[in-house]
């Protein structure tokens, strides 16, 4: 028995890889490494202040979250369910690189680390 629903879904939508971690942990640097060039601002300070979807495209440009989620040719329409405040913090960046051809990369703002040890 081989289920076909997973392969059918992959044919219709590219997988979305989400990068999470504290700020300045190297999320954007790792994405640059995967792409083979510097397409994202990196540094020691808080640099990624938006949620950014990196996908294959012809030229590197910025697409607003509202346009990204309203384009029927892109698989991001359901992200609009998170509301207008989220859409204001979402960008898409088509990247003219060999990667990512079959996936989209989702870069996130850094998560602030807690200094408390007791989280109860």
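Residue numbers (full-length UniProt numbering): 1 to 120.
Glycine included, each C-beta is placed from N, C-alpha and C at the ideal position.
These numbers come from a predicted model, not from an experiment.
| Query | Result |
| --- | --- |
| So for residue 31, helix, strand or coil by DSSP? | helix |
| Tell me the rounded alpha-carbon separation between residue 106 and residue 23. | 15 Å |
| Whole angstroms is fine: what's the gap from residue 21's alpha carbon to residue 111's? | 6 Å |
| Tell me the rounded alpha-carbon separation between residue 96 and residue 58. | 5 Å |
| For residue 36, is the classification buried or exposed, using 16 other Cβ atoms within 10 angstroms of its Cβ as the cut-off for buried? | exposed |
| Take residue 52 and list the residues in its own chain whose beta-carbon comes closer than 7 Å to its own, dropping the five residues that flank it on each side. | 91, 93, 107 |
| Please return the same chain residues whose Cβ sits closer than 8 Å to the Cβ of residue 50, not counting the five positions on each side in sequence. | 89, 90, 91, 109 |
| Quick one: what does DSSP say residue 45 is sitting in, helix, strand or coil? | Residue confidence is low: residue 45 scores 44 on pLDDT, short of 50, so the model does not pin down where it sits. Its coordinate-derived value is still stated next. DSSP places residue 45 in coil when its eight states are reduced to three. |
| Can you tell me the Cα-Cα spacing of residue 28 and residue 34, whole angstroms? | 10 Å |
| By DSSP's criteria, residue 127 is part of a beta bridge. Which residues make up the other side? | Lying outside 1 to 120, the shown extent of the chain, residue 127 is not represented and no answer is given. |
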